[in-house]
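Residue numbers (this note's numbering), protein chains in the order written: chain A, 6 to 414; chain B, 6 to 414. Encoded as C-alpha cells, the structure appears first; notes follow it.
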C-alpha cells in the first residue's frame, strides 16, 4: 500500500463532467489499495474572474482581502469533488486550507510553513479520501492566505511531504514534460524522466508545466513527482533526484525558450572598480533581479557599454531606478530592447561535457544567429538572441542535440 | 455614538458598481459617528449557481460538502466590500464565518449558537468596519456550516444581538414592508412601523421580506430592525416590539396571500376520540406540519370528512404517509386540492376587536367567495379560498380595512 497525493489543475476541474472523470481516477487509486489525498485547483478561469473582481474593486487592493476572495474558487471544487467521490461509493471529505495548512510570509504570495498532518493521517488511516483546496492556508494572524498563482502545485507537494507520501502525481492538461515547447517544435518528445535540477531550469526559463516553487520543495523533500495527463491514460514524466541507471536519455533534457526578458544597455559607463555593483545594487534594492550581464568596450569613444537583462514586467521600473541613479553610476545613455528572447539548453550532461556548449554555439553561428549575451551554469547554457530568431534557434538546437522524435541522440 | 449592523442582500452586492454604492452608504454611517458591522449576501444568482453545481454533482449530496461549496459566495462579497471600503478611506476588514460565528444543528440548515464578540468588539473600538459573510458559521466539528437559504438576515440579527448593537438595518431590493403584495394590490402602502409579531405572521404567510427566523430572533433579543431600500434614499419600515404611542396606524397591519399550501381531504373517516391525533401523528413524525384543520360531517353516509392543509412541497410525501396508515386511521378516500390559497388579515388590533374578523367574513361573503377553511390566532385571521379567487380576496380585504393608499382607515 502506498500513500499518494494526486493534484488536479483547473482544466481538469472545469465543470461537473470533468470532476466526475477526476473522481474515477481517484477511485482507481483507492481500489489499487492506496491511501489518497487529492489537491484541487479552482475551475479553469475562476481564479482569473475573482482576481478581476478584486482589480475592479480597488486598484491597489489589500492582499488580505484579495486572499479571502480568490481562495473561494478551490473551496468550491474541493466540496464538489468530495461529494462526487461519495456518489461513487468512496469515503471522502474536504478539508479547508484554514483547517490544516499553516502559511507564512506575505498575503497573496505566502509559503507553506506546516501541515497539520495528524488530522489528515487519521482520516487516511480510516480509509477516507481527503480533498484539499490548493493554493491556500491560514496565516499567522489566523486569516486566509494564498500561495501565489500556481500555488496548488506547491500545496500538493507540501502536503505530500508533510504526510510522508510515497509520491505526488500532478495531473494537468499536458501529458508530461517535453524536450521543448511543442508549439515551436512539433517533433518535441515527451521525457520519461527528468531530474529536479533540470526541471527547475526548464521551468525557470519558460517551460511552465509545474510551479517552480513546487519543484524546489519536492527536491528538498526527496519526494518523487509525476506529471500526468488528466484526460488521457498515457505514461507521464517522472521528476526524480537522479536519472535511473537504466535510463538511455540524452545528455540534454530539453531546449527552453523564454520571451520574458528585456535588455538594458548603459552606454559610455565609467570603467571603474565596483561599476557593476553600482548598477545592480539599486535594482536589487527595488526587488528587480538582473540576469545576463555583458560588459563590452564601446566602439570608438572612451568608456564601455554594460548590457544586462531584467524581466520585461520590471523594465519600466528598472528604467526609473537607473535614471534616478544616473549621476552616481555615471553613464551616458540608457537604451532598452524588449525584442529579445533567451534560448537555453538544459541537461545534467553539461557539467561533464564541455563539447555540448560548443555544439550549441556552432549550431547558432552556422545560421548566423547573433548572440547578444551568453550565460552558463552547471546544467544550463543560455544565449540571448533577437526575438524574431528565437524560434529558429530552438528548432536548430532541438535537432542538433538529437531531440527530435524519431531521431537518435 | 451608536453601534449598528447593516445587512445587504444579494441584489445590492451584484457587481462592483453596486458594491461601491453599498460602500458609500457604509461610509455615511461611519461619518455620522457610528460603529458599523456589515453583513453581506452573495452576489444575486451566485448561491443558486453553487446550489445547482451541488445538485449536478450528487443527487443526494452530503450537507457538509454542500456547505463548503455554497458558503463561498459570501466570502467573495465580504472580501470585495472590505477592499472597496478601504479605497474610500475607511479602516475595514473581513472576518470569515469560521472565525467568529459558532453554529449548531444540521449542516445546511444550522442555527447560530454564539458570536465571538470579543474579536469584533476590539475591531469596532479601533474604528474598523467589520465585514462579515452572511449565512454561515463554523459547526461544532470545526467545519463550515450554513444557516439555510436567507440565513444572512439571521446572521445579521445574531451578530447585532451578540455585539449589543443599537439596531440592525436590513438593506434590500424593496424599500420596506407593505400592507400587502404590491403586485396584487398596486395601492399597497408602505408601513412606517410594524410589530415583530405582525411581521412574523406576514412573513410566515407569504410576505417574504425578511427571513422568519431573523424576525423571531430579533423579537427575543429586543433588537429593533429596519427594512430599507439599498437603492433609494427613502424611509423604510421599523420593526419593533410595540407600536409607538404616537403611531396612528390601522388596527390591521396588512393582508397576506399564500399559495404555498395544498388541501387534503380524508373522506368517511371513523368518528372516534383521538381521530385527529391519529392523522397528525404520522405526518409530524415525517416532519410535515399540518395547518388548517376542518372536521365536517359527510353529507349522506355515516362518518365525516377531515380537511386540512400541508405545504405544497410536502403534498406527495404526506399522501404516501397517509396511504400507508390508511388502515390504522380508518378512512375511505384521500382527496387532494392544490388549487387553493390562503388569505389572512394580520394586526395587533385583532386581539381586542372581534369586529375585525366579522368584517373579513362579511367582505368575502358579499362577493360570494367560498371559505374552505378558517383559522384564527391572537393577531391573525386566515381563510382558505379557491386559488383563482385569492387575489380578488386580497384586494377586497385591503380596501375594506382602509389600507389602500390615499384612503383613511
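Cβ coordinates follow ideal geometry from the N, Cα and C atoms, glycine included.
Item	Value
Please classify residue 268 of chain B: does DSSP put it in a helix, a strand, or coil?	strand
Taking all protein chains shown into account, do 16 or more other C-beta atoms lie within 10 angstroms of the C-beta of residue 180 of chain B, making it buried, or fewer, making it exposed?	buried
Ignore the nearest five residues each way along the sequence and tell me which others in residue 68 of chain B's own chain have a CB closer than 7 angstroms to its CB.	111, 112 and 113
When you compare each of B:407, B:369, B:409 and B:385 to residue 391 of chain B by their alpha carbons, which one comes out closest?	B:369
Using the C-alpha atoms, what's the distance from residue 239 of chain B back to residue 340 of chain B?	49 angstroms
Measuring only between beta-carbons, confirm whether residue 350 of chain B sits less than 8 angstroms from chain A.	no
Can you list, in chain order, the stretches of the beta strand (DSSP E) that have 3 or more residues and sit fully within the segment 326-395 of chain A?	339-342, 345-351, 378-382 and 385-391
Just how far apart, CA to CA, sit residue 243 of chain A and residue 201 of chain A?	10 angstroms
Under 8 angstroms by Cβ, that's how I've got residue 308 of chain A and residue 343 of chain A pegged, so tell me the actual separation to the nearest angstrom.	Actually they are not in contact, since the Cβ atoms of residue 308 of chain A and residue 343 of chain A sit about 25 angstroms apart, beyond 8 angstroms.
Could you give the uninterrupted runs of the alpha helix (DSSP H) lying entirely in the segment 6-74 of chain B, keeping only those of 4 residues or more?	21-36 and 51-62
With which residues is residue 313 of chain A paired in a DSSP beta bridge?	A:269 and A:298
Within 10 Å of its beta-carbon, does residue 301 of chain A have 16 or more other beta-carbons around it, so buried, or fewer, so exposed?	exposed
Return the Cβ separation of residue 137 of chain B and residue 83 of chain B in integer angstroms, given the expectation that the two are a contact with Cβ distance under 8 angstroms.	6 angstroms
Return no unless some Cβ of chain A is closer than 8 angstroms to the Cβ of residue 21 of chain B.	yes
Comparing alpha-carbon positions, which option in A:263, A:40, A:409 and A:159 lies nearest residue 171 of chain A?	A:40
Identify the contact partners of residue 24 of chain B in chain A, using a Cβ-Cβ distance below 8 angstroms as the criterion.	62
Using the three-state DSSP reduction, which class does residue 130 of chain A fall into: helix, strand or coil?	helix
Using 8 angstroms for Cβ pairs, my map puts residue 149 of chain B next to residue 45 of chain B. What's the rounded Cβ distance?	Going by Cβ atoms, the distance from residue 149 of chain B to residue 45 of chain B rounds to 16 angstroms, so no, they are not a contact pair.
Leaving out five residues before and five after residue 241 of chain B in sequence, what residues of the same chain have Cβ atoms less than 7 angstroms from its Cβ?	180, 181, 231, 232, 233 and 234
Report yes if the C-beta distance between residue 217 of chain B and residue 228 of chain B is below 8 angstroms; otherwise report no.	no
Could you tell me which residues DSSP pairs with residue 198 of chain B in its beta bridges?	B:243
How many angstroms separate the CA atom of residue 27 of chain A from the CA atom of residue 18 of chain A?	8 angstroms
Can you pull the DSSP bridge partners for residue 248 of chain B?	According to DSSP, which records beta bridges pairwise, residue 248 of chain B is partnered with nothing at all.
Assuming residue 323 of chain B and residue 288 of chain B form a contact by the criterion Cβ under 8 angstroms, report the distance between their Cβ atoms to the nearest whole angstrom.	6 angstroms
Need the endpoints of the beta strand (DSSP E) that residue 118 of chain B sits in, please.	116-120
Starting from residue 182 of chain B, trace the alpha helix (DSSP H) in both directions and tell me its first and last residue.	Counting along the chain, residue 182 of chain B falls outside any alpha helix (DSSP H), and DSSP gives it neither H nor E.
Which complete beta strand (DSSP E) runs does the segment 148-174 of chain A hold, if anything under 3 residues is left out?	149-151
For the beta strand (DSSP E) containing residue 219 of chain A, list its first residue and its last residue.	That residue, residue 219 of chain A, is in no beta strand (DSSP E); its alpha helix (DSSP H) goes 217-225.
Inspect the beta-carbon positions of residue 402 of chain A and residue 348 of chain A and report whether they are closer than 8 angstroms.	yes
Taking the Cβ atom as the reference point for each residue, do residue 8 of chain A and residue 129 of chain A lie within a distance shorter than 8 angstroms?	yes
Could you name the residues that DSSP lists as bridge partners for residue 177 of chain B?	B:234
Measure from the alpha carbon of residue 260 of chain B to the alpha carbon of each residue in B:80, B:118, B:132 and B:362, then state which is nearest.	B:362
My output table needs one value for residue 95 of chain B: the three-state DSSP class, helix, strand or coil.	coil
Assuming residue 257 of chain B is part of the alpha helix (DSSP H), what are its boundary residues?	First-last for residue 257 of chain B: undefined, no H or E at that position.
Helix, strand or coil for residue 414 of chain A, going by three-state DSSP, please let me know.	Low local confidence applies: a pLDDT of 41 at residue 414 of chain A is under 50, so the model's placement there is unreliable, with the coordinate-based value given in what follows. It is coil, neither helix nor strand.
Where DSSP assigns a beta bridge to residue 107 of chain B, which residues make up the other side?	B:119 and B:143
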